[in-house]
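Here is the structure we will look at, set down as structure tokens.
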Amino acid sequence: MSDASPIQIQELVDIVAARTGAPTTLEDRELHLVASSGHEGAVDEVRRRSIMRRRSSPDVQRLFASFGIAAAEEPLRIPGNAMPGLFARWCVPVRWRGVAYGYLWLLDPDDKVPVSDVRAVADIVDQLAVSMARRARASDRTSWAVPELLSADAGARARAAEELQRDGLIPAHRDITVVGLARHDGGPVGPVNTWLLPRGVLSAPIGQRGALVFSSGTDTAPEIADRAARSLLAEHTSGVAAGISGPVPATDGHTAWRQVDAALRVALHDGAGAVTVRSWSDLGVLRLLSFAEPDTLLTALSDPRAHTLLTGDPDLLRTARTYLDLAGNAQRTAAALSIHRQTLYHRLRRITALTGYDLDTGPDRLTLHLVLSLADFR
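Numbering follows full-length UniProt numbering, with no gaps: position 216 of the sequence shown is 216.
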């Protein structure tokens, strides 16, 4: 049997709901939402939050685990009084060859769905189990292959690329794009719900970050990065950053991961409390962040003249940044700072007197612009 597509999975979940008369959801073994039927009647708070957040909350996960769902081989009845805001429901383990790959949840607050009706959808459960087992096994392989694909070890990269291509998980002779995910508060990124992403996107944790790998050749990388980051917001409320590499050969994944690191540094600097996405292609001079730690770069570019500006009058510092970012255009700089042009010229003269930089010369402008651009990433 071929692996079911997300559309086919949705159709199967709708069939379960139609046969049993119970609003139905399908979750994977991490309790990420995979598919949901329509809900015409009342919906409890647990189901509503699961659909909105695309996964069950930690409290709900612990509750369901306490009923032994991981070991269950038959439908389980979860009582409605198990926690506030919970309707009674059936839990149907989606098992393939003895392993649970997910769960069907059938809302039944009025006890109208007999266990015989639940068992009668076993043929649908088997079809779902095959699909989810294949996807889970592919995910198990990628959990080690993706980190090796992005590692500094050329031999490990070559082996990982060969295996992933042999298994059809990444196309041969096509470049890959890599997306990195990081939390604004610095904590570890939780598992990404790959059911929300296009088929063919591989996901694995690398240290505190999450990594996504997929074939290049489309313009969907920003959409994939944004969708993956937003899927994590319910758990990581401080904000999630995403960095996107350029396309690279599959055997050169470490280059892509360095590019992602630079893009993530900039995305994390951009703000918190939401999703920030930056692409390697848009970083400009900040691509230097992919080659060394910011402190190392600043040491290499060390210039005591810039230190007096970085630690001095904030108005002068803001003026220098704006003037250099706008390529020395006085009119646009004055407008951006909401000051008169004569005020701008006065400040520029003070910057020159304070630092010794001649802002009318290219080398001095370049040196100061590099130092100021990298100073925020210490």
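By construction, the Cβ of each residue, glycine as well, lies at the ideal position given by its N, Cα and C atoms.
Please read all numbers here as calculations on a predicted model, not as lab measurements.
So, helix, strand or coil for Tyr357, using DSSP?
For the purposes of this step, residue 357 is identified with residue 357 of the sequence shown, where counting begins at 1. Tyr357 falls in the coil class under three-state DSSP.
Buried or exposed: where does Arg183 fall if 16 or more other Cβ atoms within 10 Å of its Cβ makes it buried?
As a first step, residue 183 is located in the sequence shown; it is residue number 183 there, counting from the start. Classification for Arg183: buried.
DSSP state of Gly328 mapped onto helix, strand, coil:
One-based indexing of the sequence shown puts residue 328 at position 328. Note: Gly328 maps to coil in three-state DSSP.
If you draw a straight line from the alpha carbon of Leu26 to that of Val16, how long is it in whole angstroms?
As a position in the sequence shown, residue 26 is number 26, starting the count at 1. As a position in the sequence shown, residue 16 is number 16, starting the count at 1. Spanning the two alpha carbons is a distance of roughly 10 Å.
Name the residue from Arg199, Val266, Trp257 whose alpha carbon lies nearest to the alpha carbon of Val240.
Start at 1 with the first residue of the sequence shown, and residue 240 comes out as number 240. When each option's Cα is compared against that of Val240, the closest is Val266.
Under the rule that 16 or more other beta-carbon atoms within 10 Å means buried, what is Ser2, buried or exposed?
For the purposes of this step, residue 2 is taken as residue 2 along the sequence shown, with counting starting at 1. Bear in mind that the predicted position of Ser2 carries a pLDDT of just 44, short of 50, making it unreliable; the figure below should be weighed with that in mind. Looking at its Cβ environment, which holds fewer than 16 other Cβ atoms inside 10 Å, Ser2 is exposed.
Please report how far the alpha carbon of His173 lies from the alpha carbon of Pro249, in whole angstroms.
Position 173 of the sequence shown, counting from 1, holds the residue named residue 173. Position 249 of the sequence shown, counting from 1, holds the residue named residue 249. Their Cα atoms are separated by approximately 8 Å.
Report all residues from its chain with a CB closer than 8 Å to the CB of Val275; omit the five preceding and five following residues, and keep chain order.
As a first step, residue 275 must be located in the sequence shown, where it is residue number 275. Excluding positions up to five away in sequence, the list reads Asp226, Ala229, Arg230, Leu233, Gly239, Val240, Ala241, Ala242.
Can you tell me where the beta strand (DSSP E) with Phe214 in it begins and where it stops?
By 1-based counting over the sequence shown, the position of residue 214 is 214. Run containing Phe214: 209-215, per the beta strand (DSSP E) assignment.
Tell whether a beta-carbon distance below 8 Å holds between Ser203 and Leu196.
What you label residue 203 is simply residue 203 of the sequence shown in a count that begins at 1. What you label residue 196 is simply residue 196 of the sequence shown in a count that begins at 1. Not closer than 8 Å, so no.
Kindly indicate which three-state DSSP category Ala17 falls into: helix, strand or coil?
Reading the sequence shown from its first residue, position 17 is the one you call residue 17. The answer is helix: DSSP assigns Ala17 an H, G or I state.
Going along the chain, which residues of its own chain have a beta-carbon closer than 7 Å to the beta-carbon of residue 411, five neighbours each way excluded?
Because the chain in this structure spans residues 1 to 378, residue 411 falls outside the shown range and cannot be described.
Provide the residue span of the alpha helix (DSSP H) that contains Leu374, from first to last.
As a first step, residue 374 is located in the sequence shown; it is residue number 374 there, counting from the start. Run containing Leu374: 362-375, per the alpha helix (DSSP H) assignment.
Is Val60 helix, strand or coil when you go by DSSP?
The residue labelled residue 60 in the question sits at position 60 within the sequence shown. It is helical.
Given this structure, state the Cα-to-Cα distance separating Gly186 from Leu264, to the nearest angstrom.
Residue 186 sits at position 186 when you count from the first residue of the sequence shown. Residue 264 sits at position 264 when you count from the first residue of the sequence shown. Take the alpha-carbon of Gly186 and the one of Leu264: they are about 12 Å apart.
Residue span of the beta strand (DSSP E) that contains residue 382, given as start and end
Shown here, the chain extends from 1 to 378; a query on residue 382 therefore has no answer.
Between Thr367 and chain C, is the shortest Cβ-Cβ distance under 8 Å, so that the two count as touching?
Absent here is chain C; the protein component of the structure consists of one chain.
Is there contact between the segment 107-119 and the segment 79-99, where contact requires at least three CB pairs shorter than 8 Å?
yes
Since I believe Thr333 is in contact with Thr343 (beta carbons under 8 Å), could you give me their beta-carbon distance rounded to a whole number of angstroms?
Position 343 of the sequence shown, counted from the first residue, corresponds to residue 343. Position 333 of the sequence shown, counted from the first residue, corresponds to residue 333. About 11 Å; that fails the 8 Å criterion.
Could you check how far apart the C-beta atoms of Glu148 and Arg159 are, in whole angstroms? I think they sit under 8 Å.
Within the sequence shown, numbered from 1, the residue matching residue 148 stands at position 148. Within the sequence shown, numbered from 1, the residue matching residue 159 stands at position 159. With 8 Å as the limit, Glu148 and Arg159 qualify as a contact, their Cβ atoms being about 7 Å apart.
Only counting the same chain, and skipping five residues up and downstream in sequence, which positions put a Cβ closer than 6 Å to that of His236?
Start at 1 with the first residue of the sequence shown, and residue 236 comes out as number 236. Same-chain partners within the cutoff: Arg183.
Sub-8 Å separation of Leu309 and Thr355 beta-carbons
As a first step, residue 309 is located in the sequence shown; it is residue number 309 there, counting from the start. As a first step, residue 355 is located in the sequence shown; it is residue number 355 there, counting from the start. The answer is yes: Cβ separation under 8 Å.
Unbroken beta strand (DSSP E) runs of length 3 or more, entirely within the segment 96-183: which are they?
Qualifying beta strand (DSSP E) stretches, in chain order: 99-107, 176-183.
Do Val260 and Gly180 have their C-beta atoms closer together than 8 Å?
Taking the first residue of the sequence shown as 1, we reach residue 260 at position 260. Taking the first residue of the sequence shown as 1, we reach residue 180 at position 180. The answer is yes: Cβ separation under 8 Å.
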